[in-house]
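Residues 185 to 626 in the numbering used here are what the sequence shown spells out, letter by letter. C-beta atoms are modelled at their ideal positions from N, C-alpha and C, and glycine is treated no differently. All values derive from a computational prediction rather than experimental measurement. Report on the following structure.
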Amino acid sequence: MPSKQPQPQQPQSPSRPQQPQAQQPQSQSRPQQPQAQQAQSPSRPQQPTVLVGVTGCIATYKTCEIIRLLQKAGARVKVVMTPMGASFVTAETFKALTREPVALEPIDSHSAPIHHITLAQEADVFLIAPCTANTLNKLAHGVADNLLTTTALATEAPLLLAPAMNVHMWRDPCTQESLGLLRARGVQIIEPEAGLLACGEVGEGRLAPIDQIAEKTVAEFARARDLAGKRILVTAGATREQLDPVRYLSSPSSGITGYAIAQEAARRGAEVTLVSGPTNLPDPFGCRVQRVGSALEMFVAAQGAFAGVDAAIFSAAVADFRPETRVERKIKKDTNLDADGSLTLKLVQNPDILATLAADKGSTYVVGFAAETNDVLAAARKKLATKHADLIVANDVSNPALGFGSTHNKVWFVTAQGTEESALISKTALARVLLDKVVAAL
Ligand SMILES: Cc1cc2nc3c(=O)[nH]c(=O)nc-3n(C[C@H](O)[C@H](O)[C@H](O)COP(=O)(O)O)c2cc1C
185 MPSKQPQPQQ
195 PQSPSRPQQP
205 QAQQPQSQSR
215 PQQPQAQQAQ
225 SPSRPQQPTV
235 LVGVTGCIAT
245 YKTCEIIRLL
255 QKAGARVKVV
265 MTPMGASFVT
275 AETFKALTRE
285 PVALEPIDSH
295 SAPIHHITLA
305 QEADVFLIAP
315 CTANTLNKLA
325 HGVADNLLTT
335 TALATEAPLL
345 LAPAMNVHMW
355 RDPCTQESLG
365 LLRARGVQII
375 EPEAGLLACG
385 EVGEGRLAPI
395 DQIAEKTVAE
405 FARARDLAGK
415 RILVTAGATR
425 EQLDPVRYLS
435 SPSSGITGYA
445 IAQEAARRGA
455 EVTLVSGPTN
465 LPDPFGCRVQ
475 RVGSALEMFV
485 AAQGAFAGVD
495 AAIFSAAVAD
505 FRPETRVERK
515 IKKDTNLDAD
525 GSLTLKLVQN
535 PDILATLAAD
545 KGSTYVVGFA
555 AETNDVLAAA
565 RKKLATKHAD
575 LIVANDVSNP
585 ALGFGSTHNK
595 VWFVTAQGTE
605 ESALISKTAL
615 ARVLLDKVVA
625 AL
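The structure is reproduced here in structure tokens:
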């Protein structure tokens, strides 16, 4: 019986208006990127927005100076405070410094209707400085009990924390464990310094120098626009090779990595096309998403989107084989069988999407993924050489705690120049690191 012809869906229009073109911060030496082509949303300002979270401790007064430094670097700054933060420095001070309303409970008639979501979406970067032990520990566990912590949970912007606290609070196992969780999720911790603390004790816990906090935040919002004007194709998820209407061959790939890459690329200003196999994930914000089923469908969709892209990242777990025939009706136990009662499937090869498209890549930077169970690095190096890729991201999927379906991974970046091993990081952090490499290559 004939195989079903691939019928990729038409590209959908992006579900989010293009982000504004960020001004390059004054301290940045990076050359100006070309302007993004798409219309800008009139509702979004032209500057990158840094949301500054303020919590309750002695160092809170230093946030005023941090805000000035961020503004000097070209950022629009908005402030969200915890109630305790507001008892150290008043909201009026921050309102005057930022010339923006300050977000602080209780909610009143002047507050935006769903304030934490508006704040979360507006932020290009979320800096919490100073961050108390209380807020740090809450963030590590997803507690959302005030406007600041709720916004932190709701935002997709990169999160930077500059902790400040007593040395014993800092060294407490609970705080250290929370720091580990936050780092693994890709949260950037701006380490406190050791020295004489406000409480009179000596040790780690003093807020990092304010120029260092501002510098790291500026670097983050510069990064937030470093793919502006670039077009990127990402493939994600597994493909399904149907045997009959209700059964298929596939892999357990969840699509989390590819979606994280697409989301991060869009956040950094790229025009992203995501070609996705079936997943349970929602469309990443701001990406053009084409959902497909089989490897043949993915091939056609990826081929259609490949021409002229600046980078193509093939993270999908594409089935190498498909059944030669797709049976039109559900296979029954008493039909389609061999004489001995067994069922023979003949599998034929699917096209190699990475190798085929990369063979004609021109100036497109091509990234392939290698999910292997043995001889991971040897397989990755072979893939790099034979599939015309510029970079292979290799991982060992024999470890059930990593790779398919998990939120974390540990990978090797393999290029012609050598191999680099990553730490065990969240897939969001992996997306960030990978796109740093793409930006450097472009
Ligand atoms: C005078 C004073 C100074 C404080 N300094 C700190 C501090 O430096 N770091 C810290 O983590 N907590 C400090 N605290 C305790 C926090 O204010 C307290 O844990 C509070 O619940 C934090 O709330 P928030 O995280 O919602 O702002 C201080 C409290 C007071 C009264």
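**Study point:** C-alpha gap between D308 and K567, whole angstroms
**Key:** 36 Å
**Study point:** Straight-line gap, H299 to K262 (C-alpha atoms, nearest Å)
**Key:** 13 Å
Exercise for review: Indicate whether D536 and K514 have their beta-carbon atoms separated by less than 9 Å.
Suggested key: no
Check your understanding: What's the C-alpha gap between P192 and T233?
Key -> Bear in mind that the predicted position of P192 carries a pLDDT of just 38, short of 50, making it too unreliable to give a figure here.
Check your understanding: Apart from the five residues just before and just after Q221, which ones in its own chain have a Cβ nearer than 6 Å to its Cβ?
Key -> In this prediction, Q221 has a pLDDT of 34, which is less than 50 and means its spatial position is unreliable; nothing more can be read from the coordinates.
Point to revise | Rounded separation between A615 and I497 - CA only | key: 11 Å
Check your understanding: Hey, is T316 close to ligand 1, as in C-beta under 8 Å from one of its heavy atoms?
Key -> yes
Check your understanding: Around the C-beta of L380, are 16 or more other C-beta atoms found within 10 angstroms, so that it is buried, or is it exposed?
Key -> exposed
Review point. Under the criterion of a Cβ to heavy atom distance below 8 Å, does I397 qualify as lining ligand 1?
Key: no
Review point. Between P186 and the rest of its own chain, which residues show a CB-CB distance below 6 Å, the 5 nearest in sequence each way excluded?
Key: With a pLDDT of 35 at P186, under the threshold of 50, the modelled position of that residue is not reliable, and no figure is offered here.
Review point. Opposite Y432 in the DSSP bridges: which residues?
Key: Q426
Exercise for review: Please report how far the alpha carbon of R260 lies from the alpha carbon of R409, in whole angstroms.
Suggested key: 15 Å
Point to revise | Nonlocal neighbours in the same chain, by C-beta distance under 7 Å from Q487, ignoring five residues either side | key: L541
Check your understanding: How many angstroms separate the CA atom of R510 from the CA atom of E448?
Key -> 37 Å
Practice item. Return helix, strand or coil for T233, following the three-state DSSP convention. Key: strand
Practice item. Ignore the nearest five residues each way along the sequence and tell me which others in A328's own chain have a CB closer than 7 Å to its CB. Key: T334 and L337
Check your understanding: Per DSSP, D580 is paired with what?
Key -> E556
Check your understanding: Would the C-beta of T277 count as close to ligand 1, meaning under 8 Å from any of its heavy atoms?
Key -> no
Practice item. Counting only the same chain and skipping the five closest in sequence on each side, list residues whose C-beta sits under 6 Å from that of R415. Key: E455, V493 and D494
Review point. Alpha carbon to alpha carbon, how far is L343 from M265?
Key: 15 Å
Review point. Taking the Cβ atom as the reference point for each residue, do E361 and A324 lie within a distance shorter than 9 Å?
Key: yes
Review point. Short check: CB of E556 to CB of V581, under 9 Å?
Key: yes
Practice item. Taking only the alpha-carbon atoms, compute the straight-line gap between Y443 and P468 and give it to the nearest angstrom. Key: 6 Å
Exercise for review: State whether the segment 246-254 contacts the segment 398-406, with contact taken as three or more CB pairs (one from each stretch) at a distance under 8 Å.
Suggested key: yes
Exercise for review: Work out the CA separation of G258 and Q208 for me, nearest whole Å.
Suggested key: Unreliable placement is indicated for Q208, whose pLDDT of 35 sits below 50; no coordinate value is reported for it.
**Study point:** Residue from T277, S460, A562 and N583 with nearest C-alpha to A422
**Key:** S460
**Study point:** Buried versus exposed, by CB contacts within 10 Å (16 or more), D574
**Key:** buried
Check your understanding: Are the CB atoms of G453 and L427 nearer to each other than 9 Å?
Key -> no
Review point. How would you label P314, buried or exposed, when you count the other beta carbons within 10 angstroms and need 16 or more for buried?
Key: buried
Check your understanding: Mind checking if A562 is an interface residue toward chain B, Cβ cutoff 9 Å exclusive?
Key -> Absent here is chain B; the protein component of the structure consists of one chain.
Check your understanding: From N318, Q372 and S606, pick the residue whose C-alpha is nearest to that of M349; which is it?
Key -> N318
Review point. Where does M349 sit, in a helix, a strand or coil, going by DSSP?
Key: coil
Review point. In three-state DSSP terms, what is F505?
Key: strand
Exercise for review: Look at the Cβ atom of R431, then the Cβ atom of A503, and state whether they are nearer than 9 Å.
Suggested key: no
Point to revise | Ordered list of alpha helix (DSSP H) runs contained in the segment 238-307, each at least 4 residues | key: 246-256, 267-270, 275-282 and 299-306
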